[in-house]
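Residue numbers for the sequence shown follow this note's numbering, beginning at 21 and rising by one. Here a beta-carbon is modelled for each residue, glycine too, at the ideal position from N, C-alpha and C.
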Amino acid sequence: MNLLDIEHLRVDLRSRERRGAPRTVIHDVSLTIAPGEAVGVVGESGSGKSMTVKAVMRLLPRRATVGGTLEFRGTSIPAMPGRDLARFRSQLVSMIYQDPRAHINPLRTIGDFLIEGVVASGQMNRAEALEAACTLLRDVGVNDPQRRLSQYPHQLSGGLLQRMMIVMALLPSPELVLADEPTTALDVTVQSEVMAILTEQIRERSVGLLFITHDLDLAAAVTDSLAVMHAGTVVERGPSADIYAAPRHPYTAALLASRPSPTSVARPVSIPGRPVSAFEAGEGCAFASRCPYAIGQCRTERPEPRTAGTRTVACHRSDELEAVLAEGVRA
Ligand SMILES: Nc1ncnc2c1ncn2[C@@H]1O[C@H](COP(=O)(O)OP(=O)(O)OP(=O)(O)O)[C@@H](O)[C@H]1O
Ligand SMILES: [Mg+2]
21 MNLLDIEHLR VDLRSRERRG APRTVIHDVS LTIAPGEAVG VVGESGSGKS MTVKAVMRLL
81 PRRATVGGTL EFRGTSIPAM PGRDLARFRS QLVSMIYQDP RAHINPLRTI GDFLIEGVVA
141 SGQMNRAEAL EAACTLLRDV GVNDPQRRLS QYPHQLSGGL LQRMMIVMAL LPSPELVLAD
201 EPTTALDVTV QSEVMAILTE QIRERSVGLL FITHDLDLAA AVTDSLAVMH AGTVVERGPS
261 ADIYAAPRHP YTAALLASRP SPTSVARPVS IPGRPVSAFE AGEGCAFASR CPYAIGQCRT
321 ERPEPRTAGT RTVACHRSDE LEAVLAEGVR A
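Next up, the structure:
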C-alpha cells in the first residue's frame, strides 16, 4: 500500500475580503509515495509546490476548499478526526523547512530544540529523547554529538544546522518526510552533501520522502520519481532517470534546457514568458503561451494527464513530440 496517495488534488482560495470568485491555486495534482520511495516535486515559483505540502498536512488557510483525494496509508487526510490528525502531524509525518534559522529559537540549546516535539507528544521522555538524538546525530555524520546538543544555533554552520533539522525530523521515527526546499539556503556543495545524508537515512529506514525543489538536476540525482509542476498542475510524472533522460512534456524539456551545463559551452535557453499561477491560466494548457510547440488546440482545450507505462504526461502533443524532446536533451 502507498504511504501517500494524492489524486486530482484541487485547492481554491477565497479572497480575504470574500469578494470575487475563488482563485484556483492547485488545479490538478496527482502523485504517490511508496514506503522507502523518494519523490521529487519540481517547478517554478508559484507553481503550487508548497500548497500541495500544506494540503497534505492540513495546514491550508481556512478560506481554502480542497477537492480530490488525499490519503495516508489509505486513510483520508481531510476526514481525519482531531486526535488522529495530531498523531499524524507529530509522529507519522515530519517536515523539513528551507531555512532552519527561521524555525529555530536562538536562545535555546540545539538539544532542547531537537527533542521538544517528541517530548511534548509523549513519545519519549527527556533522557530517552536526548539519547536517541545523539544516536541520530552520529548517523548523519556529526562528531561529538553531546557537545553539539549543548550548543546554541549561532555556533553552528548552515549545513550543520540543516543536519540538525534532519535529525529532528527523523526523531519521532516518521513514515513520511516532507522536505520543502531543504537545501536552498545552503551553498551548492553543502546542498548535495545534506541531500545525500537525508536520502541515505530515508532509504535505510524505509521512510517515504517528498522533496520539493527548483533544482531539477538535484531532484533527479537523489529521487526515484519526479513530479514536474506547472501552474498548479503536475504536467509530467514518472521515474526520475527516465524523465531526466527523455522528458515528454515541453515544460520539462524547457526546464532541462534552461540549466547551465557543466560540460557544454552552449548558452542555456531561458523559458520565455514568466511563471504563471493556476488562476491565471485560461481555458487551454497553462504552458501554451510559453510553449514553442503549441497549436490551436493547446490554447482552447486543457490537456488531461494521460498515463502510458510508468509515465504520465498532460500534453496534447506528447506522443508526436517524444523524439523531438528527447533529441533536445542530447543536443
Ligand atoms: N496565503 C496565500 N494566499 C493566497 N494565495 C496564496 C497564498 N499562498 C500561496 N498563494 C498562491 O498559491 C500559488 C501557489 O503557491 P505556492 O506557495 O504553493 O508556490 P511554490 O511552488 O511553493 O512556489 P515557491 O517556489 O516560490 O516556493 C501561487 O499563485 C501563490 O501566489
Ligand atoms: Mg514554496
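What does a CB cutoff of less than 7 Å around PRO323 pick up in its chain, not counting 5 residues either side in sequence?
CYS305, ALA334, CYS335 and HIS336
Rounded C-alpha distance that separates ARG279 from LEU341
21 Å
Alpha carbons only, please: which of TYR271, PHE307, VAL255 and ARG183 is nearest the one belonging to TYR117?
ARG183
Does any heavy atom of ligand 2 sit closer than 7 Å to the C-beta of LYS74?
no
Going by beta carbon distance, what residues of the same chain come within less than 7 Å of TYR264, once the five residues before and after it are set aside?
ALA240
Would you report the Cα separation of ARG128 and TYR172, rounded to the nearest angstrom?
6 Å
Just list the residues that DSSP pairs ILE232 with in beta bridges.
VAL61 and ASP200
Near ligand 2, which residues have their beta-carbon closer than 7 Å to a heavy atom?
LYS69, SER70, ASP200, GLU201 and ILE232
By a C-beta neighbour count over all protein chains shown, 10 Å radius and 16 as the cutoff for buried, is GLY293 buried or exposed?
exposed
Whose CA, out of HIS269, ILE46 and GLU300, lies closest to the CA of ALA343?
HIS269
Determine, using beta carbons only, whether ASP32 and THR89 come nearer to each other than 8 Å.
no
Flag LEU190 as yes when its Cβ comes closer than 7 Å to any non-hydrogen atom of ligand 1, and as no otherwise.
no
I believe GLY131 touches LEU150 by the beta-carbon criterion, under 8 Å. Please report the beta-carbon distance rounded to the nearest angstrom.
6 Å
Could you tell me if GLU224 is buried or exposed, where buried requires 16 or more neighbouring beta carbons within 10 angstroms of its beta carbon?
exposed
Applying the criterion that 16 or more other CB atoms from any shown protein chain within 10 Å of the CB defines a buried residue, is THR320 buried or exposed?
exposed
Using the rule of at least 16 other Cβ atoms within 10 Å of the residue's Cβ for burial, across every protein chain shown, is MET185 buried or exposed?
buried
Status (buried if at least 16 other CB within 10 Å, exposed otherwise) for ILE53
buried
Own chain partners of LEU365 with C-beta closer than 6 Å, once the 5 adjacent residues on each side are dropped:
This structure cannot speak to residue 365, because the chain is shown only from 21 to 351.
In its own chain, which residues sit with a C-beta less than 7 Å from the C-beta of GLN317, not counting the 5 before and 5 after it?
HIS336
Taking only runs that begin and end inside the segment 108-177, name each unbroken beta strand (DSSP E) of 3 or more residues, in chain order.
113-116
Taking the alpha-carbon positions, what's the LEU432 to GLY302 distance?
An answer regarding residue 432 cannot be provided, because it is not within the stretch 21 to 351 covered by the chain.
Taking 7 Å as the cut-off, is the beta-carbon of PRO81 closer than that to any non-hydrogen atom of ligand 1?
yes
Would you kindly work out how many angstroms separate the C-alpha atoms of PRO16 and GLU347, rounded to a whole number?
Lying outside 21 to 351, the shown extent of the chain, residue 16 is not represented and no answer is given.
Complete alpha helix (DSSP H) runs within the segment 72-105 (minimum length 4 residues, chain order):
none
Shorter than 7 Å, the distance from the beta carbon of SER278 to the closest heavy atom of ligand 1, or not?
no
Put PRO270 into one of helix, strand or coil per three-state DSSP.
helix
Option nearest SER50 by Cα separation, candidates LEU180, ILE291, VAL349 and ARG331:
ARG331
I believe ILE135 touches ALA106 by the beta-carbon criterion, under 8 Å. Please report the beta-carbon distance rounded to the nearest angstrom.
Rounded, the Cβ-Cβ distance is 18 Å, inconsistent with contact.
What do you reckon, is the C-beta of HIS47 under 7 Å from a heavy atom of ligand 1?
no
Is MET249 helix, strand or coil when you go by DSSP?
strand
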